[in-house]
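2 protein chains.
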Amino acid sequence: MNAKELLLILREIKDVSFSSVDNSGNPKCRIIDIMLIEDERLYFLTARGKDFYRELMENNHVAVTALTKNFESIRLEGKANKVGDNKYYLDKIFECNPAMNEVYPGDSRNILDVFCIDKGIIEYFDLSKHPIYRQTLSFGGEKIKDKGYFINETCINCKKCFNLCPQSAIYELNGIMNIKNENCLHCGLCYENCPVKAVERW
Amino acid sequence: MNAKELLLILREIKDVSFSSVDNSGNPKCRIIDIMLIEDERLYFLTARGKDFYRELMENNHVAVTALTKNFESIRLEGKANKVGDNKYYLDKIFECNPAMNEVYPGDSRNILDVFCIDKGIIEYFDLSKHPIYRQTLSFGGEKIKDKGYFINETCINCKKCFNLCPQSAIYELNGIMNIKNENCLHCGLCYENCPVKAVERW
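Just so you know, the sequences run in chain order C and V. The opening residue of the first sequence carries number 1 in the UniProt record's numbering; numbering runs sequentially from there. The opening residue of the second sequence carries number 1 in the UniProt record's numbering; numbering runs sequentially from there.
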């Protein structure tokens, strides 16, 4: 799966969860529609009177989550910026999402501002697979940061982590243990139990 | 609908979005299972090695969103605290949610800590109704804060807001305009257009 495909899945799911942070530094979230995907750009909108709008004006980092019908979860993180040509995108969005006319009939649509996320990280996570499967992709040129755990060269090959891992995501390579990140829950069981502290967080 | 009923709907939906804030003050979210509802208490769990766990340890405010099959959205805000008797709740949760044994087989469940949200605000929002419908409830004794807009006594009864409101949520009462909050989008169109600034945010 590539990032574009995951963005299109978000558009298909349409109603997704958008998280932001309020001015007290606390998390906020609400269901928001993915209105449009163009290349690797994701568009949504909100009304200027809403708390969500205020939050975006103060901190434009957003985190998006959605769940497919097959219980695969998709997470996206990026920054949301207002588009330059609001009227153009508003009209385009209302054309592609005609139900919007029921909520904001006629000219009332002009209270809405369109936002775009043009780069970010998108993560796919399937907890129903055995072992679980995860994949992290970037779009719009964002850099991927390593997450989860790795085992360093101080590993004494005692295989404690290998025996404990709930997903059998640990294997031996060149005499030391390794974590297969795509199957790792990031649960930290290996990290807590390594007798020589060879398991590190990225 | 009361708060307990909405909590039970969250449990039925089960896979919901949980938002938290990381140590840079940015939003994070992921799909989390609602594992148990007891009275007005909501239980979930996460592994001690996960970023989510760290975030909760630094700021235990969480925001939860979910969508019913009929596209009604439910939002919950509260504080998540670790339960006193982790083993008791872990075992209970695994009994009520047997699929957890596939993800954390055997003793590996002990890497999980159970959290409880025992008070908070829960909001129901139905965008498919005409007019839209919203309801805010509290549970566990949390106090509800007014949100959205109201019209103060400086209203000159020009009816501009009445004519603009996309959801016809404004009505006349005793010679001035009023907002029916349960049908209000909080879009701010009345607020932006009132010629005498009689529309205020709560």
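A virtual CB, placed ideally from N, CA and C, is assigned to each residue, including glycine. As the structure is a prediction and not an experimental result, all values here were calculated from the model.
Practice task
Would you decide whether Pro27/V is buried or exposed? Buried here means 16 or more other CB atoms lie within 10 Å of its CB.
Solution key: Position 27 of the second sequence, counting from 1, holds the residue named residue 27/V. That one is buried.
Exercise for the section: Return no unless some Cβ of chain C is closer than 7 Å to the Cβ of Cys29/V. Expected result: The sequence position of residue 29/V within the second sequence is 29, counting from 1. Closer than 7 Å: yes.
Problem - Closest by C-alpha distance to His130/C, when choosing among Asp118/V, Ala198/V, Gly120/V and Tyr104/V - result: In the first sequence, counting from the first residue as 1, residue 130/C sits at position 130. Out of Asp118/V, Ala198/V, Gly120/V and Tyr104/V, Tyr104/V has the C-alpha closest to the C-alpha of His130/C.
Problem - Near the ligand MN: Phe44/C beta-carbon under 6 Å from a heavy atom - result: As for the ligand MN, it is missing from this structure, which has no ligand bound.
Problem - Selected residue, minimal CA-CA separation from Val21/C, among Val62/V, Val199/V and Met177/V - result: In the first sequence, counting from the first residue as 1, residue 21/C sits at position 21. Ranking the options by Cα distance to Val21/C, first place goes to Val62/V.
Practice task
Output, in chain order, the set of chain C residues within a Cβ distance shorter than 7 Å of Val196/V.
Solution key: What you label residue 196/V is simply residue 196 of the second sequence in a count that begins at 1. In chain order: nothing, as chain C lies at least about 17 Å away.
Practice task
Check the DSSP bridge columns for Ser128/C and list the partner residues they point to.
Solution key: If you number the first sequence from 1, residue 128/C lands on position 128. DSSP output for Ser128/C lists no bridge partner at all.
Exercise for the section: Output yes or no for whether 7 Å exceeds the beta carbon distance between Leu121/V and Cys155/V. Expected result: Within the second sequence, residue 121/V is the residue found at index 121, counting from 1. Within the second sequence, residue 155/V is the residue found at index 155, counting from 1. Per the sequence shown, residue 121/V should be read as Ile rather than Leu. Not closer than 7 Å, so no.
Practice task
Give the range of the alpha helix (DSSP H) segment to which Arg54/C is assigned.
Solution key: What you label residue 54/C is simply residue 54 of the first sequence in a count that begins at 1. Element bounds for Arg54/C: Asp51 to Glu58.
Practice task
For residue 203/V, count neighbouring C-beta atoms within 10 Å of its own C-beta (all shown protein chains included) and say buried if the count is 16 or more, exposed if not.
Solution key: The displayed coordinates of chain V run from 1 to 202. Any statement about residue 203/V would go beyond what the structure contains.
Handout entry: Other residues of its chain near Lys92/V: CB distance less than 8 Å, five sequence neighbours each side excluded
Key = The residue you call residue 92/V lines up with position 92 of the second sequence. Answer for Lys92/V: Leu36, listed in chain order.
Exercise for the section: Please state whether DSSP places Phe94/C in a helix, a strand or coil. Expected result: On the first sequence, residue 94/C is found 94 positions in, with the first residue counted as 1. Phe94/C falls in the helix class under three-state DSSP.
Handout entry: Bridge partner(s) assigned by DSSP for Tyr171/V
Key = As a first step, residue 171/V must be located in the second sequence, where it is residue number 171. DSSP lists Asn178/V as partners of Tyr171/V.
Exercise for the section: Leaving out five residues on either side along the sequence, give the residues of the same chain with a beta carbon under 8 Å from the beta carbon of His186/V. Expected result: Numbered from its first residue, the second sequence carries residue 186/V at position 186. Taken in chain order, the residues that qualify are Lys147, Gly148 and Tyr149.
Exercise for the section: Anything in chain V within Cβ reach of Glu102/C, meaning under 8 Å, just list it in chain order. Expected result: As a working mapping, residue 102/C is identified with position 102 in the first sequence. What Glu102/C touches in chain V: His130.
Handout entry: Any chain V beta carbon closer than 7 Å to Ile179/C
Key = Counting from one through the first sequence, the residue named residue 179/C turns up at place 179. No, its Cβ sits nowhere closer than 7 Å to a Cβ of chain V.
Practice task
Use the C-beta contact count for Tyr89/C: other C-beta atoms within 10 angstroms, 16 or more gives buried, fewer gives exposed.
Solution key: Position 89 of the first sequence, counting from 1, holds the residue named residue 89/C. Flag for Tyr89/C reads buried.
Practice task
Express the C-alpha separation of Cys158/V and Phe52/V in angstroms, rounding to a whole number.
Solution key: By one-based count along the second sequence, residue 52/V stands at place 52. By one-based count along the second sequence, residue 158/V stands at place 158. Rounded to the nearest angstrom, the two C-alpha atoms are 51 Å apart.
Exercise for the section: Could you please give the first and the last residue of the uninterrupted beta strand (DSSP E) stretch that includes Tyr133/C? Expected result: Within the first sequence, residue 133/C is the residue found at index 133, counting from 1. Residues Tyr133 to Phe139.
Exercise for the section: Taking Ile37/C as the query, report the chain V residues whose CB atoms sit under 9 Å from its CB, ordered along the chain. Expected result: Indexing the first sequence from 1 puts residue 37/C at position 37. Result: empty, since nearest Cβ-Cβ is about 20 Å, beyond 9 Å.
Problem - Close Cβ partners of Lys119/C (< 7 Å) along its chain, the five nearest in sequence each way excluded - result: Taking the first residue of the first sequence as position 1, residue 119/C is located at position 119. Taken in chain order, the residues that qualify are Gly78, Phe139, Gly140, Gly141 and Glu142.
Exercise for the section: Could you confirm whether any beta carbon from chain V is found closer than 7 Å to the beta carbon of Asp15/C? Expected result: Translated into the one-based positions of the first sequence, residue 15/C becomes position 15. Yes, Asp15/C lies at the interface with chain V (some Cβ there is under 7 Å from its Cβ).
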